[in-house]
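Input: a single structure, listed below in structure tokens.
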Amino acid sequence: MIAAPAIQTSSLSKYYGRTSAVQNLDLVVEANRITGFLGRNGAGKSTTIKMLLGLIRPTGGDGTILGRQITNPELNRQARAHIAYVAEDKPLYRYLTVAQTVRFAAAFYRDWRCDVAGKLLREYELPLNRRVKALSKGMRTKLALLLALARKPELLILDEPTEGLDPVMIEHLMQTIVARAAEGTAVFFSSHQIAEVERVADQVCILDRGCLVLDRSLDSLRESFRRVDMVFPVDVVEREFQLPGVERIRANRRQMSVLTSANAEGVIERARAFNAVSLEVAPVGLRDVFLAMVNGLESAIGKEN
Amino acid sequence: MTFFKLKPIAGQPLYIQLMQQIRHATETGALRDGDQLPGIRTLAEELVVSPNTIIKAYSELEHEGLLEMRQGAGAFVCVTRRTRLIAERIQLAQERIRDVIEEVRVAGLEDDEIQRAFEAELAAPRKAARRR
Numbered sequence: 001m002i003a004a005p006a007i008q009t010s011s012l013s014k015y016y017g018r019t020s021a022v023q024n025l026d027l028v029v030e031a032n033r034i035t036g037f038l039g040r041n042g043a044g045k046s047t048t049i050k051m052l053l054g055l056i057r058p059t060g061g062d063g064t065i066l067g068r069q070i071t072n073p074e075l076n077r078q079a080r081a082h083i084a085y086v087a088e089d090k091p092l093y094r095y096l097t098v099a100q101t102v103r104f105a106a107a108f109y110r111d112w113r114c115d116v117a118g119k120l121l122r123e124y125e126l127p128l129n130r131r132v133k134a135l136s137k138g139m140r141t142k143l144a145l146l147l148a149l150a151r152k153p154e155l156l157i158l159d160e161p162t163e164g165l166d167p168v169m170i171e172h173l174m175q176t177i178v179a180r181a182a183e184g185t186a187v188f189f190s191s192h193q194i195a196e197v198e199r200v201a202d203q204v205c206i207l208d209r210g211c212l213v214l215d216r217s218l219d220s221l222r223e224s225f226r227r228v229d230m231v232f233p234v235d236v237v238e239r240e241f242q243l244p245g246v247e248r249i250r251a252n253r254r255q256m257s258v259l260t261s262a263n264a265e266g267v268i269e270r271a272r273a274f275n276a277v278s279l280e281v282a283p284v285g286l287r288d289v290f291l292a293m294v295n296g297l298e299s300a301i302g303k304e305n
Numbered sequence: 001m002t003f004f005k006l007k008p009i010a011g012q013p014l015y016i017q018l019m020q021q022i023r024h025a026t027e028t029g030a031l032r033d034g035d036q037l038p039g040i041r042t043l044a045e046e047l048v049v050s051p052n053t054i055i056k057a058y059s060e061l062e063h064e065g066l067l068e069m070r071q072g073a074g075a076f077v078c079v080t081r082r083t084r085l086i087a088e089r090i091q092l093a094q095e096r097i098r099d100v101i102e103e104v105r106v107a108g109l110e111d112d113e114i115q116r117a118f119e120a121e122l123a124a125p126r127k128a129a130r131r132r
């Protein structure tokens, strides 16, 4: 059975004056999947999420979330009843205590699970009687997460959920994300924790300067992305290795390093044709893919040579 | 109880790594005929990977006949004559590879050099590999 996508946008755009925050975004987030949403600060991740949730009006384009049109306020409101969302700035009522906040959420959400909330409260070691304004940043993040994770939504959207969390808490959060996914919740989360995304995500989307530069399953990324390092007996020009599937080339006279998203075989064949004296093929991690895909670092990477 | 370890950066989908490790466990006898594997959610939480990784590995192994999925009860190891034959073939291949590695080690190659040589050959087109 193929479920309808949890999120689907077409040409979704947001301009602030002449500055574009998001440009012609065609995004598909599948149900029954964990999708990681990566990008540098200011790439447009939060703006995208806010447009999906009807919190910001798009300048152009449209989309659906849980099958409902995002630019229709009434339909978007209906969809949001089935979505748990943790915003980047983790907004909470400052004057409420932890216990009051949890009680308020329990009364508010129809899909609230008291047993899960109680379990998370214990595991997160949150001080029940302390006011939100007196909580540390990490505790505030934990409380905001608890409010989303104690529900049973169809879609869970987390914007930078690991901010301020220590490694033990990050691990715990990833386990909880996995558990929610196992219950059938679609998960869409933005993060700078590339290693964590690489472990738990099924699909990864990379946004750069408002444009989608990568949308791939991690299975296919692991199968197809390779770095090929070569040494030749004479100088070789980059042009010779600009083959289909080649994403980045770094060359320094007789040395060449090629990042391919497909067709490593073609590169190897070309290397043999140029009598490479050394040829190394290595898998590429998501971190390297991210750095290669994101503009602005190109020059920094080039400078290493 | 899990003895599975998945490497995010191994150039191989996680579900394939898991399949290989389950297969390996049946070859070594760590898993025997009739043994039950952890549930999808339990194993996903233990390994901290997407449940789809476990689902895909289990269903592929079911297709191969190494696992039997029982409705509501979970996944059970099912070692048949056919799977035993496959295991033997893998063991034979492994012995030959072990010999080759020993040979090139004696010739003075370091393990990481051997590994890269293997990876380069595996990534090379199949036809070309046969011609040589």
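Chains as they are written, first to last, in our numbering: chain V, 1 to 305; chain G, 1 to 132.
Using N, Cα and C, we set each Cβ at its ideal position, and we do this for glycine too.
Cβ-based burial, residue i [other Cβ within 10 Å; buried from 16]
{"i": "Asp89 (chain V)", "result": "exposed"}
{"i": "Leu14 (chain G)", "result": "buried"}
{"i": "Glu113 (chain G)", "result": "exposed"}
{"i": "Ser307 (chain V)", "result": "Only positions 1 to 305 of chain V appear in the structure, and residue 307 (chain V) is not among them; the question remains open."}
{"i": "Thr19 (chain V)", "result": "exposed"}
{"i": "Asn205 (chain V)", "result": "Note that residue 205 (chain V) is Cys in the sequence shown here, rather than Asn. Cys205 (chain V) comes out buried."}
{"i": "Leu18 (chain G)", "result": "buried"}
{"i": "Gln193 (chain V)", "result": "buried"}
{"i": "Ala195 (chain V)", "result": "exposed"}
{"i": "Gly61 (chain V)", "result": "buried"}
{"i": "Tyr16 (chain V)", "result": "exposed"}
{"i": "Glu125 (chain V)", "result": "exposed"}
{"i": "Pro5 (chain V)", "result": "buried"}
{"i": "Gly302 (chain V)", "result": "Because Gly302 (chain V) carries a pLDDT of 43, less than 50, the predicted location of this residue cannot be relied on, and the following value inherits that uncertainty. Flag for Gly302 (chain V) reads exposed."}
{"i": "Glu30 (chain V)", "result": "buried"}
{"i": "Met256 (chain V)", "result": "buried"}
{"i": "Val132 (chain V)", "result": "buried"}
{"i": "Asn252 (chain V)", "result": "exposed"}
{"i": "Ile54 (chain G)", "result": "buried"}
{"i": "Tyr93 (chain V)", "result": "exposed"}
Residues bridged to residue i [DSSP beta-bridge criterion]
{"i": "Lys14 (chain V)", "result": "V:Val22"}
{"i": "Tyr85 (chain V)", "result": "V:Ile157"}
{"i": "Ala250 (chain V)", "result": "Contrary to the premise, residue 250 (chain V) reads as Arg rather than Ala in this sequence. DSSP lists V:Ser257 as partners of Arg250 (chain V)."}
{"i": "Gln115 (chain G)", "result": "Answer is none; Gln115 (chain G) lacks a bridge partner."}
{"i": "Val28 (chain V)", "result": "V:Gln8"}
{"i": "Gln36 (chain G)", "result": "G:Phe76"}
{"i": "Asp111 (chain V)", "result": "Asp111 (chain V) is not bridged to any residue."}
{"i": "Ser190 (chain V)", "result": "V:Phe37 and V:Asp159"}
{"i": "Ile65 (chain V)", "result": "V:Ile7 and V:Arg68"}
{"i": "Ile214 (chain V)", "result": "Correcting the residue identity first, residue 214 (chain V) is Leu in this sequence and not Ile. DSSP output for Leu214 (chain V) lists V:Ile206 as bridge partner(s)."}
{"i": "Arg131 (chain V)", "result": "V:Thr97"}
Pair within 8 Å by beta-carbon distance, residue i and residue j
{"i": "Ser13 (chain V)", "j": "Pro58 (chain V)", "result": "yes"}
{"i": "Tyr109 (chain V)", "j": "Ile157 (chain V)", "result": "no"}
{"i": "Glu8 (chain V)", "j": "Val28 (chain V)", "result": "The sequence as given places Gln at residue 8 (chain V); Glu does not occur at that position. A contact, by the Cβ cut-off of 8 Å."}
{"i": "Ala276 (chain V)", "j": "Met230 (chain V)", "result": "yes"}
{"i": "Val228 (chain V)", "j": "Ala264 (chain V)", "result": "yes"}
{"i": "Val213 (chain V)", "j": "Leu286 (chain V)", "result": "no"}
{"i": "Val258 (chain V)", "j": "Phe274 (chain V)", "result": "no"}
{"i": "Glu280 (chain V)", "j": "Ala124 (chain G)", "result": "no"}
{"i": "Leu66 (chain V)", "j": "Ile83 (chain V)", "result": "yes"}
{"i": "Ile34 (chain V)", "j": "Ile177 (chain V)", "result": "yes"}
{"i": "Glu247 (chain V)", "j": "Ala186 (chain V)", "result": "no"}
{"i": "Leu145 (chain V)", "j": "Pro161 (chain V)", "result": "yes"}
{"i": "Ala201 (chain V)", "j": "Gly63 (chain V)", "result": "no"}
{"i": "Arg250 (chain V)", "j": "Val236 (chain V)", "result": "no"}
{"i": "Ser190 (chain V)", "j": "Ile49 (chain V)", "result": "yes"}
Limits of the unbroken alpha helix (DSSP H) element including residue i
{"i": "Cys114 (chain V)", "result": "Cys114 to Tyr124"}
{"i": "Ile170 (chain V)", "result": "Pro167 to Ala182"}
{"i": "Gln91 (chain G)", "result": "Arg81 to Val106"}
{"i": "Val281 (chain V)", "result": "From DSSP, Val281 (chain V) is part of no alpha helix (DSSP H) but of the beta strand (DSSP E) over Ser278 to Pro283."}
{"i": "Phe290 (chain V)", "result": "Leu286 to Met293"}
{"i": "Ile268 (chain V)", "result": "Ala264 to Ala273"}
{"i": "Glu62 (chain G)", "result": "Pro51 to Glu64"}
{"i": "Arg77 (chain V)", "result": "Pro73 to Arg80"}
{"i": "Glu223 (chain V)", "result": "Leu218 to Ser224"}
{"i": "Leu143 (chain V)", "result": "Lys137 to Leu149"}
Where the beta strand (DSSP E) through residue i begins and ends
{"i": "Val204 (chain V)", "result": "Gln203 to Asp208"}
{"i": "Ala25 (chain G)", "result": "Careful: Ala25 (chain G) lies outside any beta strand (DSSP E), inside the alpha helix (DSSP H) at Leu14 to Thr28."}
{"i": "Leu52 (chain V)", "result": "First-last for Leu52 (chain V): Lys45 to Leu52, but that is the alpha helix (DSSP H), not the beta strand (DSSP E)."}
{"i": "Glu238 (chain V)", "result": "No beta strand (DSSP E) holds Glu238 (chain V); DSSP gives it neither H nor E."}
{"i": "Arg94 (chain V)", "result": "Unbroken run through Arg94 (chain V): none, as it is neither H nor E."}
{"i": "Glu68 (chain G)", "result": "Leu67 to Arg70"}
Any non-hydrogen atom of the ligand FAD closer than 7 Å to residue i Cβ
{"i": "Asp26 (chain V)", "result": "In terms of ligand content, the structure shown is empty, and the ligand FAD therefore cannot be addressed."}
Practice problem: Kindly confirm or deny that the stretch 132 to 139 of chain V and the stretch 87 to 103 of chain V touch, where touching means at least three C-beta pairs closer than 8 Å. | Solution: yes
Self-check item: the stretch 177 to 196 of chain V contacting the stretch 36 to 45 of chain G, beta-carbon criterion three pairs below 8 Å
Solution: yes
Practice problem: Specify whether the stretch 65 to 84 of chain G and the stretch 195 to 213 of chain V touch according to this definition: at least 3 beta carbon pairs, one from each stretch, less than 8 Å apart. | Solution: no
Quiz prompt | the stretch 49 to 57 of chain G / the stretch 8 to 24 of chain G touching (three or more Cβ pairs under 8 Å) | solution = yes
Self-check item: Touching by the beta-carbon criterion (3+ pairs, under 8 Å), the stretch 16 to 30 of chain G and the stretch 141 to 156 of chain V
Solution: no
Quiz item: Does the stretch 218 to 228 of chain V touch the stretch 38 to 45 of chain V, meaning 3 or more C-beta pairs lie closer than 8 Å?
Solution: no
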